[in-house]
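Taken in order, these protein sequences are the chains called A and B.
Heads up: the first sequence begins at 0 in numbering that gives the first Met the number 0, then just goes up one per residue.
Heads up: the second sequence begins at 0 in numbering that gives the first Met the number 0, then just goes up one per residue.
Just below is one structure, and these are the notes that go with it.
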Amino acid sequence: MTGPNSELMRELIEGRFVFTGEIEPSKTTSLQGVLEAAKKLKGHVVAANVTDNPTAYAYMNALIPSYIIQREVGLEAVYQMTVRDRNRLALTSDLLGAGALGIRNILVLSGDHTAVGEYPGAKPVYDLDSTNMVELIRRMVDRGVDLGENRVIDPPKFHIGIASNPNADPLEPEVFKIERKVMLGAEFIQTQAVYDVEVAKGFLDAIAYLNRPVLIGVAPFKSISAMEWMMRLVPGIIVPEEIQSRLRRARERGGKEEFYRESIEIFGQLAHDVRKTTKAKGIHLMTIGFEWIVPSIIERSIGA
Amino acid sequence: MIITTQKPLDKIFEMCKGFGRVFVVGCGVCAAECQTGGQPEVEAMVEKLKEVGKEVTGYTIIESVCDERRTRIAFRNSGEAVTGADALLIMSCGTAVQVASDLSKKICIPGCDTEFIGMTERIGRFYERCKACGDCILFETGGICPIARCAKGILNGPCGGQSKGKCEVGGWTKDCAWVLIYKRLKELGRLDDFRRYRPRKDYSTASPAREVVFR
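Dropping the structure here:
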């Protein structure tokens, strides 16, 4: 395994507890939104994931903001790549482009199915699956060849991240899927949102034998409706009753302001528990559209 | 079996517009089992065509319309009923429509939509089981096909879109194929098959216009 070629990987290897953030491009040709988000995250997180058409909605190609936030803001990107929209040719092609633009981290995803997105009639690709994609990147990085054993001139230097869902039930097949990817050379794991530290613990114990750094996903809600949407959309997600009612009560008590104050308490505590009581090597914070909340949560994660 | 469903009547009549004399073809195998183009369905269709003023020159139920040899004989036996028709209504799969079209050189109207290769639980309960990908891996996957039964058709599942063994596609009603595979292989004591990495699939065996020619 090469590296570290990225700040994220360097910090993980050095054993520092890391935070990553998330930036979502939108349906626009303007880079203003992603740049503003990057500026708010800069200095608080070591890197930011840039999402690739999440929930199967077509937004700006994630590679462009990934490059721009590195160049303009100096915030390292984790370029997310799904195998939903591109076949092995297009993926190889984009990987070469990403290498040329100085991208150092890639998070490989299968991608939410087109059936749940904005064009249910679209033809999904899935020519490679996300595990095959890990193999493709490893070949390029380690051996300087593509899937056809053709030589890649000036091979890229990527670190490979994979995603996982600690809420998965049954969990064992999920663990075996991660195992396949780790055996192939995946280097770090970022997880789907977790709302119960015990779920994180159970998951981290189950994959401890794979010996790869895990960043547990923490996703505060922007609003009550965002919470409800999240519970509907994310497979297997369980938001404990206590969190739900505390947030609802806060919203009723003192509007948005109180809702956010309570959110900082709840998710600061969750971040703290993940940081202080689990085997996690970091936290992946998903705060699209309210990045300002990130410093408060990180501060509370340190605790007393 | 090739699973078919009958097209809505108004769509069939729309395609029949301008064709006064219609010959109807049914199939004694798959479409008969699906009750979309067997004897009773063909006879019912003949009546409906007459009700909307069509002249039905005749009908036939062919044992496998897809077998060109059988359909050639059936058309020959039907004589003028076929040659004198303005159009043929084929109540069978897409292959049947094409065989009938090639042999008759007539306008052929598909009376059915071809859904998939699947199994029959009972009439009205048909499930896809095979994508005809040309490279069977069922030995390794506990006899459950991820190509046909996983919404993403992936080889190294499950993906992140399953919850309690159900798939995000279709509103959590369908089984996640990879959880089924996991459970089956576990029962069979073959979890090593589950854990094994499966390299990318060669989709050239599934590209269109395939032929099997061996003599």
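No residue lacks a Cβ here, since even glycine has one placed at the ideal position from N, Cα and C.
This structure is a prediction, so every number in the text was calculated from the model and none was measured.
Of all the CB atoms in chain A, is at least one closer than 9 Å to the CB of residue 203 of chain B? Translated into positions along the second sequence, residue 203 of chain B becomes position 204. It does not; no Cβ of chain A falls within 9 Å.
Between the Cα of residue 12 of chain B and the Cα atoms of B:115, B:0, B:58, B:45, which residue gives the shortest distance? Start at 1 with the first residue of the second sequence, and residue 12 of chain B comes out as number 13. Residue 12 of chain B has its Cα closest to that of B:45, out of B:115, B:0, B:58, B:45.
Three-state class that DSSP yields for residue 34 of chain B in the structure shown: On the second sequence, residue 34 of chain B is found 35 positions in, with the first residue counted as 1. Coil.
Among residues of its own chain, excluding the 5 on either side of residue 340 of chain A, which ones have a beta-carbon nearer than 7 Å to its beta-carbon? There is simply no residue 340 of chain A to check, as chain A begins at 0 and stops at 303 in what is shown.
Taking a cut of 7 Å between CB atoms, which residues from the region 178-203 of chain A lie near chain B? 178, 179, 182, 183, 191
Count the other CB atoms, across all protein chains shown, that sit within 10 Å of the CB of residue 291 of chain A; report buried if there are 16 or more and exposed otherwise. Working through the first sequence from its first residue, we reach residue 291 of chain A at position 292. The residue in question, residue 291 of chain A, is exposed, as its Cβ has fewer than 16 Cβ neighbours within 10 Å.
Would you call residue 135 of chain B buried or exposed, if buried means 16 or more other Cβ atoms sit within 10 Å of its Cβ? On the second sequence, residue 135 of chain B is found 136 positions in, with the first residue counted as 1. Exposed, because fewer than 16 other Cβ atoms sit within 10 Å of the Cβ of residue 135 of chain B.
Who are the near neighbours of residue 32 of chain A in its chain, counting only those whose CB is closer than 7 Å to its CB and skipping five residues on each side? Numbered from its first residue, the first sequence carries residue 32 of chain A at position 33. Answer for residue 32 of chain A: 25, listed in chain order.
Exposed or buried, what is residue 109 of chain B when buried is set at 16 or more other beta-carbons lying within 10 Å of its beta-carbon? Position 110 of the second sequence, counted from the first residue, corresponds to residue 109 of chain B. That one is buried.
Could you tell me whether any Cβ in chain B is nearer than 9 Å to the Cβ of residue 0 of chain A? Position 1 of the first sequence holds residue 0 of chain A. The pLDDT assigned to residue 0 of chain A is 49, lower than 50, so where the model puts this residue is not dependable; a value taken from the coordinates is nonetheless given after this. Not one chain B Cβ lies under 9 Å of residue 0 of chain A.
Can you grab the Cα-Cα spacing for the pair residue 55 of chain A / residue 52 of chain B, in whole Å? The residue labelled residue 55 of chain A in the question sits at position 56 within the first sequence. The residue labelled residue 52 of chain B in the question sits at position 53 within the second sequence. Rounded to whole angstroms, residue 55 of chain A to residue 52 of chain B spans 48 Å at the Cα level.
Enumerate in chain order the residues of its own chain whose CB-to-CB distance from residue 150 of chain B is below 7 Å, with the five nearest sequence positions on each side excluded. Translated into the one-based positions of the second sequence, residue 150 of chain B becomes position 151. Counting only Cβ-Cβ distances below 7 Å, and skipping sequence neighbours, we find 166, 168.
Just to confirm, are residue 46 of chain A and residue 20 of chain A a CB contact at a threshold of 9 Å? As a working mapping, residue 46 of chain A is identified with position 47 in the first sequence. As a working mapping, residue 20 of chain A is identified with position 21 in the first sequence. Yes, the pair counts as a contact, with Cβ atoms nearer than the cut-off.
Between which two residues does the beta strand (DSSP E) containing residue 20 of chain B stretch? Here the question's residue 20 of chain B lines up with position 21 in the second sequence. Per DSSP, residue 20 of chain B belongs to the beta strand (DSSP E) from 20-26.
Could one say the Cβ of residue 45 of chain A lies closer than 9 Å to chain B's Cβ atoms, at least one of them? Working through the first sequence from its first residue, we reach residue 45 of chain A at position 46. Not closer than 9 Å to any Cβ of chain B, the Cβ of residue 45 of chain A fails to qualify, so no.
Selection of the region 166-194 of chain B by Cβ proximity to chain A, strictly under 7 Å: 167, 168, 177, 178, 181, 193, 194
In whole angstroms, give me the CA-to-CA distance for residue 141 of chain B and residue 156 of chain B. Position 142 of the second sequence, counted from the start, is the residue given in the question as residue 141 of chain B. Position 157 of the second sequence, counted from the start, is the residue given in the question as residue 156 of chain B. Their backbone Cα atoms lie some 14 Å apart in a straight line.
Helix, strand or coil for residue 0 of chain A, going by three-state DSSP, please let me know. Translated into positions along the first sequence, residue 0 of chain A becomes position 1. The pLDDT assigned to residue 0 of chain A is 49, lower than 50, so where the model puts this residue is not dependable; a value taken from the coordinates is nonetheless given after this. Residue 0 of chain A: coil per DSSP, three-state reduction.
Using a Cβ-Cβ cut-off of 9 Å, state whether residue 85 of chain A counts as contacting chain B. Here residue 85 of chain A corresponds to residue number 86 of the first sequence, with the count starting at 1. No, because no Cβ of chain B sits closer than 9 Å to the Cβ of residue 85 of chain A.
Taking the alpha-carbon positions, what's the residue 69 of chain B to residue 8 of chain B distance? In the second sequence, counting from the first residue as 1, residue 69 of chain B sits at position 70. In the second sequence, counting from the first residue as 1, residue 8 of chain B sits at position 9. So the alpha carbons of these two residues sit roughly 28 Å apart.
Collapsed DSSP secondary structure at residue 74 of chain A in the structure displayed: The sequence position of residue 74 of chain A within the first sequence is 75, counting from 1. Note: residue 74 of chain A maps to coil in three-state DSSP.
Give me, in chain order, the residues of the same chain whose beta-carbon lies closer than 8 Å to that of residue 229 of chain A; leave out the 5 immediate sequence neighbours on both sides. What you label residue 229 of chain A is simply residue 230 of the first sequence in a count that begins at 1. Taken in chain order, the residues that qualify are 192, 218, 220, 236, 238.
Based on the DSSP output, what are the partners of residue 243 of chain A in its beta bridges? Mapped onto the first sequence, residue 243 of chain A falls at position 244. None; residue 243 of chain A has no bridge partner.
Given a cut-off of 9 Å on the beta-carbon distance, is the pair residue 95 of chain B and residue 21 of chain B in contact? Taking the second sequence and counting its residues from 1, one reaches residue 95 of chain B at position 96. Taking the second sequence and counting its residues from 1, one reaches residue 21 of chain B at position 22. Not in contact: residue 95 of chain B and residue 21 of chain B (Cβ atoms no closer than 9 Å).
For residue 145 of chain A, collect the residues of the same chain with a Cβ closer than 8 Å to its Cβ; drop the 5 residues on either side in sequence, then sort them by chain order. The residue given as residue 145 of chain A occupies position 146 in the first sequence. So the list reads 91, 135, 138, 139, 151, once near-sequence residues are dropped.
CB contact below 9 Å: residue 207 of chain B versus chain A: Numbered from its first residue, the second sequence carries residue 207 of chain B at position 208. Not closer than 9 Å to any Cβ of chain A, the Cβ of residue 207 of chain B fails to qualify, so no.
Does the region 116-134 of chain A come close enough to the region 170-183 of chain B to have 3 or more Cβ pairs within less than 8 Å? no
Closest residue to residue 296 of chain A among A:106, A:216, A:172 (Cα-Cα distance): Sequence index remark: in the first sequence, residue 296 of chain A carries index 297 (1-based). Looking at the Cα atoms, A:216 is the closest of the given residues.
In whole angstroms, what separates the C-alpha of residue 102 of chain B from that of residue 75 of chain B? The residue labelled residue 102 of chain B in the question sits at position 103 within the second sequence. The residue labelled residue 75 of chain B in the question sits at position 76 within the second sequence. Distance between the alpha carbons of residue 102 of chain B and residue 75 of chain B is about 10 Å.
Under three-state DSSP, which class holds residue 176 of chain B? In the second sequence, the residue the question calls residue 176 of chain B occupies position 177. Three-state DSSP puts residue 176 of chain B in a helix.
Please look up how many angstroms separate the CB atoms of residue 43 of chain B and residue 59 of chain B, rounded, as I've assumed it's under 8 Å. Along the second sequence, one-based indexing puts residue 43 of chain B at 44. Along the second sequence, one-based indexing puts residue 59 of chain B at 60. Going by Cβ atoms, the distance from residue 43 of chain B to residue 59 of chain B rounds to 15 Å, so no, they are not a contact pair.
Which of the three DSSP states is assigned to residue 115 of chain B in this structure? Sequence index remark: in the second sequence, residue 115 of chain B carries index 116 (1-based). Here residue 115 of chain B sits in strand by DSSP.
Nearest by alpha-carbon distance to residue 50 of chain A: which of A:283, A:246, A:273, A:207 is it? Counting from one through the first sequence, the residue named residue 50 of chain A turns up at place 51. Residue A:283 is the option with its Cα nearest to residue 50 of chain A.
I want to see whether chain B comes within less than 9 Å of residue 352 of chain A, judged by CB atoms only; does it? Residue 352 of chain A is absent from the model: chain A starts at 0 and stops at 303.
Which one or two residues does DSSP pair with residue 107 of chain B in a beta bridge? The residue given as residue 107 of chain B occupies position 108 in the second sequence. B:87, per the DSSP bridge assignment.
Starting from residue 156 of chain B, find everything on chain A with Cβ-Cβ shorter than 8 Å and list it in chain order. For the purposes of this step, residue 156 of chain B is taken as the residue at position 157 of the second sequence. The contacting residues are 128, 172, 176.
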